[in-house]
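Novice:
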Amino acid sequence: QLQLQESGPGLVKPSETLSLTCTVSGGSISSSGYYWDWIRQPPGKGLEWIGSIYYSGTTYYNPSLKSRVTIFVDTSKNQFSLKVSSVTAADTAVYYCARRRSSWSPFDYWGQGTLVTVSS
Amino acid sequence: DIQMTQSPSTLSASVGDRVTITCRASQTISSWLAWYQQKPGKAPKLLIYKASSLESGVPSRFSGSGSGTEFTLTISSLQPDDFATYYCQQYDSYSPYTFGQGTKVEIK
Chain A
659 QLQLQESGPG
669 LVKPSETLSL
679 TCTVSGGSIS
689 SSGYYWDWIR
699 QPPGKGLEWI
709 GSIYYSGTTY
719 YNPSLKSRVT
729 IFVDTSKNQF
739 SLKVSSVTAA
749 DTAVYYCARR
759 RSSWSPFDYW
769 GQGTLVTVSS
Chain B
8 DIQMTQSPST
18 LSASVGDRVT
28 ITCRASQTIS
38 SWLAWYQQKP
48 GKAPKLLIYK
58 ASSLESGVPS
68 RFSGSGSGTE
78 FTLTISSLQP
88 DDFATYYCQQ
98 YDSYSPYTFG
108 QGTKVEIK
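Sequences listed follow chains A and B, in order. Going by my numbering, the first sequence opens with residue 659, and the numbers climb by one from there. Going by my numbering, the second sequence opens with residue 8, and the numbers climb by one from there.
#1: Going along the chain, which unbroken runs of the beta strand (DSSP E) with 3 or more residues stay wholly within the region 53-96 of chain B?
#2: CB T81/B to CB R31/B, shorter than 8 Å?
#3: Identify every residue that forms a DSSP beta bridge with G709/A.
#4: For a cutoff of 8 Å on Cβ pairs, would you count P700/A as touching chain B?
#5: I'd like to know whether the C-beta of S763/A is nearer than 8 Å to at least one C-beta of chain B.
#6: How should Q661/A be labelled, buried or exposed, when 16 other C-beta atoms within 10 angstroms of its C-beta is the threshold for buried?
#7: Closer than 7 Å by beta-carbon distance: list the chain A residues that pair up with P134/B, in chain order.
#8: For a contact meaning CB atoms closer than 8 Å, what does A119/B contact in chain A?
#9: Since K46/B and A91/B should fall inside the 8 Å C-beta cutoff, what is the C-beta to C-beta distance between them, to a whole number of angstroms?
#10: To the nearest angstrom, how far is it from the Cα of S102/B to the Cα of T772/A?
#11: So the candidates are D99/B, T79/B, Q34/B and T35/B; which of them puts its Cα closest to the Cα of L54/B?
#12: Expressed to the nearest angstrom, what Euclidean distance is found between the alpha-carbon atoms of S673/A and S21/B?
#13: Based on the DSSP secondary-structure assignment, which residues constitute the bridge partners of D732/A?
#14: Got a sec? Which residues, its chain only, sit under 7 Å from P15/B by beta carbon, not counting five neighbours each side?
#15: How many angstroms separate the CA atom of S714/A from the CA atom of L705/A?
#16: To the nearest angstrom, how far is the alpha carbon of S761/A from that of Y692/A?
#17: Please work out which residues of its chain come closer than 8 Å, Cβ to Cβ, to S739/A, disregarding the five sequence neighbours upstream and downstream, and give them in chain order.
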């Protein structure tokens, strides 16, 4: 059974960089066709797609965040990671990692989510 | 961006009721639409993909329909486990992917 698990600091100071890692178990991140995504949800609000990566390293970002977001993959560790720079309180959210079966698929597997709070 | 608008925002219903949630896209997305169920403190769970295909393991009381810009999620007979928030999501293109604002199904 595929499992995804987010990890990283739960508290980040304003103007600093938020860093999270998603560890994939029960399957290979290098499996052909699968895409690996980050999605976030501010407390009490809706869902926002952040971006996506293919195991080859090809990335796609939400234009609203593109200037501050980097997603990269480490196939040797079966992990992919997210960095969001210059964070503000508006970046406070539960961050989820997720998988898509193909480039034309929704998110079928999700991590449990991790709350990141931006505060001094 | 493609805007997704769900209605209603909140729905009060009883066990056994037939429930319908609507999702409208600001431009045509063919059938590239998914529905998710989210319970408090949990990740969303995929219910329906490609507008009307039932994800493996999801009860058959859930169904989806529509294409183009208008879509519906129907629960044929509401069960206690179905009280949750439901989201639609378009994946027509990396335009970017967008979600509806959610519909909370509450106990009447």
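Where is the CB? At the ideal position from N, CA and C, for every residue including glycine. Keep in mind that this is a model prediction, so the values were computed, not measured.
Specialist: Answer, in terms of the structure:
#1: Counting whole runs of 3 or more residues, the region 53-96 of chain B contains the beta strand (DSSP E) stretches 69-74 and 77-82.
#2: As a first step, residue 81/B is located in the second sequence; it is residue number 74 there, counting from the start. As a first step, residue 31/B is located in the second sequence; it is residue number 24 there, counting from the start. With contacts defined as CB atoms closer than 8 Å, T81/B and R31/B fail to qualify as a contacting pair.
#3: Position 51 of the first sequence holds residue 709/A. G709/A has W696/A and Y719/A as its beta-bridge partners, per DSSP.
#4: The residue you call residue 700/A lines up with position 42 of the first sequence. Output row for P700/A: interface = no.
#5: Here the question's residue 763/A lines up with position 105 in the first sequence. Yes, S763/A counts as interfacial toward chain B.
#6: Your numbering for residue 661/A matches position 3 in the first sequence. With fewer than 16 other CB atoms across the displayed protein chains lying within 10 angstroms of its CB, Q661/A is exposed.
#7: The shown model of chain B, from 8 to 115, leaves out residue 134/B, and the question about it has no answer.
#8: With chain B covering only 8 through 115, there is no way to say anything about residue 119/B.
#9: Counting from one through the second sequence, the residue named residue 46/B turns up at place 39. Counting from one through the second sequence, the residue named residue 91/B turns up at place 84. Yes, they are in contact, since the Cβ atoms of K46/B and A91/B sit about 5 Å apart, within 8 Å.
#10: Taking the second sequence and counting its residues from 1, the one referred to as residue 102/B is at position 95. Taking the first sequence and counting its residues from 1, the one referred to as residue 772/A is at position 114. S102/B and T772/A have their C-alpha atoms spaced approximately 26 Å apart.
#11: Looking up residue 54/B in the second sequence gives position 47. By alpha-carbon distance to L54/B, the top candidate from D99/B, T79/B, Q34/B and T35/B is T79/B.
#12: Within the first sequence, numbered from 1, the residue matching residue 673/A stands at position 15. Within the second sequence, numbered from 1, the residue matching residue 21/B stands at position 14. For S673/A and S21/B, the distance between alpha carbons rounds to 47 Å.
#13: Sequence index remark: in the first sequence, residue 732/A carries index 74 (1-based). Answer by DSSP bridge pairing, in chain order: Q737/A.
#14: Along the second sequence, read from residue 1 onward, the residue named residue 15/B stands at position 8. Short of 7 Å from the beta carbon of P15/B, and not among the five residues preceding or following it, lie these beta carbons of its own chain, in chain order: T110.
#15: Along the first sequence, one-based indexing puts residue 714/A at 56. Along the first sequence, one-based indexing puts residue 705/A at 47. Counting only the Cα atoms, L705/A lies some 26 Å from S714/A.
#16: Counting from one through the first sequence, the residue named residue 761/A turns up at place 103. Counting from one through the first sequence, the residue named residue 692/A turns up at place 34. Annotation: S761/A to Y692/A spans about 8 Å, alpha carbon to alpha carbon.
#17: In the first sequence, the residue the question calls residue 739/A occupies position 81. The residues are S677, L678, T679, C680, I729, F730, V731 and D732.
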